[in-house]
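Okay, so here's the structure we're looking at.
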């Protein structure tokens, strides 16, 4: 792929941090895109399919979190995909429990649009998923 896709991923993370993922979703995601969040999804296996369902999933996340933002460590261009590695910093709305952990996001492209975004609860898991065990 290109540096352009890396920048699109970075814009997506910035939009997430502003709680404005809907605009990014409409601009860069394919209508049949899939999102596996990695948090609740890691336990429940949740996959949101289609931009409408993804938008509802995003609303669900925001309802449960007072704070949830990403801090980038590195981004890897993998050709047809981009792997974002960083930290997720969260605080629950009801529990007020704070978490700060490694997090990975894999974005996969098809025909110039993002078709898959998969979250990982750690870098090792993300790197293994793309065949870059370290």
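In our numbering, the protein residues as written are 1 to 134. By construction, the Cβ of each residue, glycine as well, lies at the ideal position given by its N, Cα and C atoms.
For residue 62, same chain residues with a beta-carbon under 7 Å away, outside a window of 5 residues either side, are 19 in chain order.
Between the alpha carbons of residue 117 and residue 67 lies a distance of about 21 Å. In this chain, the alpha helix (DSSP H) harbouring residue 57 covers 51 to 64.
With the rule of 3 Cβ pairs closer than 8 Å, the region 78 to 92 counts as touching the region 104 to 119. Judged by DSSP in its simplified three-state form, residue 116 adopts strand.
Residue 49 is positioned such that its CB atom lies no closer than 8 Å to that of residue 72. The secondary-structure analysis by DSSP pairs residue 88 across a beta bridge with 70 and 101. For residue 75, the pairing in a beta bridge is given by DSSP as 84.
For residue 106, the beta-bridge partners assigned by DSSP are 83 and 118. One alpha carbon belongs to residue 14, the other to residue 28, and they sit about 14 Å apart.
Residue pairing from DSSP places residue 35 in a beta bridge opposite 48 and 117.
Under the three-state reduction of DSSP output, residue 94 falls in the coil class, being neither helix nor strand. Around residue 37, the same chain offers 46, 48, 57, 61 and 119 as residues with beta carbons nearer than 8 Å, after the five sequence neighbours per side are excluded.
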